[in-house]
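Here the protein sequences line up with chains A and B, keeping their order. 1 is the number of the first residue of the first sequence in the numbering used here; add one for each residue after it. 111 is the number of the first residue of the second sequence in the numbering used here; add one for each residue after it.
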Amino acid sequence: QQPVQSPQAVILREGEDAVINCSSSKALYSVHWYRQKHGEAPVFLMILLKGGEQKGHEKISASFNEKKQQSSLYLTASQLSYSGTYFCGTEAGSARQLTFGSGTQLTVLP
Amino acid sequence: DTAVSQTPKYLVTQMGNDKSIKCEQNLGHDTMYWYKQDSKKFLKIMFSYNNKELIINETVPNRFSPKSPDKAHLNLHINSLELGDSAVYFCASSHGENEQFFGPGTRLTVL
Chain A
1 QQPVQSPQAV ILREGEDAVI NCSSSKALYS VHWYRQKHGE APVFLMILLK GGEQKGHEKI
61 SASFNEKKQQ SSLYLTASQL SYSGTYFCGT EAGSARQLTF GSGTQLTVLP
Chain B
111 DTAVSQTPKY LVTQMGNDKS IKCEQNLGHD TMYWYKQDSK KFLKIMFSYN NKELIINETV
171 PNRFSPKSPD KAHLNLHINS LELGDSAVYF CASSHGENEQ FFGPGTRLTV L
């Protein structure tokens, strides 16, 4: 079953922060985050494994709440280059496959 | 050097035709995937191959068949193309269940 992402879209000014959420009804093994710019391929950001570990990548970090089957992606002091569609992909159960959410379109304005 | 490459980049064809999309990775990964991204940007896995064995097969029509001649290649064959097959198809690869590297995509248009 497809994870649910929120919000569907967000518009920011440079320097502002944003949070993108991803939730699943299934017990999750891991959560992946990818960013896709228009006309390009998705690019990996980070993986979070069950255990509530928080990871960081420059000014982008993420958390994974295993009990709630939720993950959040935090974008701090956003830059123009952060614009794109963010997808979470979840692995659940014994099936080692990624099921992607419907994406969150992030637009950063000058 | 391109890590994951796909050919062709664009493919325009008539309904009922048979076509193939090629994918190659030079990362030494052991797992390769095919994804379909529709006009609403929904990214859905179609197949994955690990060490030349199909390990995932989503409920895709059997008109679609993956073929892996070796660990570095995973080609996608599509028979009797339909209008609904129009989409962007991405190949990806990974080492086990780690981060996936995506190819540039193939935009398929069925007329």
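Glycine included, each C-beta is placed from N, C-alpha and C at the ideal position.
| Query | Result |
| --- | --- |
| Can a CB atom of chain A be found closer than 8 Å to the CB of S178 of chain B? | no |
| Touch check for the stretch 65-82 of chain A and the stretch 6-18 of chain A: three-plus C-beta pairs under 8 Å? | yes |
| From the DSSP output, in three-state form, read off D195 of chain B for me. | helix |
| Taking 8 Å as the CB-CB cut-off, is T90 of chain A touching chain B? | no |
| Is the stretch 129-140 of chain B close to the stretch 194-207 of chain B, with three or more CB pairs under 8 Å? | yes |
| Measuring only between beta-carbons, confirm whether F200 of chain B sits less than 8 Å from chain A. | yes |
| If you measure between the beta carbons of I41 of chain A and G215 of chain B, is that distance less than 8 Å? | Per the sequence presented here, residue 41 of chain A reads as Ala, with Ile not at that position. A contact, by the Cβ cut-off of 8 Å. |
| In chain order, what residues of the same chain lie with their CB nearer than 6 Å to the CB of G103 of chain A, ignoring the 5 residues before and after it? | T85 and F87 |
| Identify every run of the beta strand (DSSP E) within the stretch 23-92 of chain A, keeping only runs that are complete inside it and at least 3 residues long; order them along the chain. | 28-36, 43-49, 55-57, 60-65, 70-75 and 84-92 |
| Following the continuous beta strand (DSSP E) through P113 of chain A, name the residue where it begins and the one where it ends. | No statement about residue 113 of chain A is possible, as the shown extent of chain A runs from 1 to 110 and does not include it. |
| Does any C-beta atom of chain B lie closer than 8 Å to the C-beta of I60 of chain A? | no |
| For Q264 of chain B, decide whether its Cβ has a neighbour in chain A, counting only Cβ atoms nearer than 8 Å. | Residue coverage of chain B in this structure runs from 111 to 221, which leaves residue 264 of chain B outside it and unanswerable. |
| Give the secondary structure of P118 of chain B by DSSP, where H, G and I count as helix, E and B as strand, and everything else as coil. | coil |
| Do Q135 of chain B and S200 of chain B have their beta-carbon atoms positioned less than 8 Å apart in this structure? | In the sequence as displayed, the identity of residue 200 of chain B is Phe instead of Ser. Taking 8 Å as the Cβ cut-off, F200 of chain B and Q135 of chain B do not qualify as a contacting pair. |
| Under 7 Å Cβ to Cβ from D195 of chain B, same chain only, skipping five residues before and after it: list those, please. | I188, L218 and V220 |
| Does chain B have any CB closer than 8 Å to the CB of S24 of chain A? | no |
| Between which two residues does the beta strand (DSSP E) holding S190 of chain B run? | Counting along the chain, S190 of chain B falls outside any beta strand (DSSP E), and DSSP gives it neither H nor E. |
| Give every residue of the same chain whose Cβ lies closer than 8 Å to the Cβ of P179 of chain B, excluding the five residues on either side of it in the sequence, and list them in chain order. | N185 |
| Measure the alpha-carbon distance for H183 of chain B versus K132 of chain B and round it to whole angstroms. | 8 Å |
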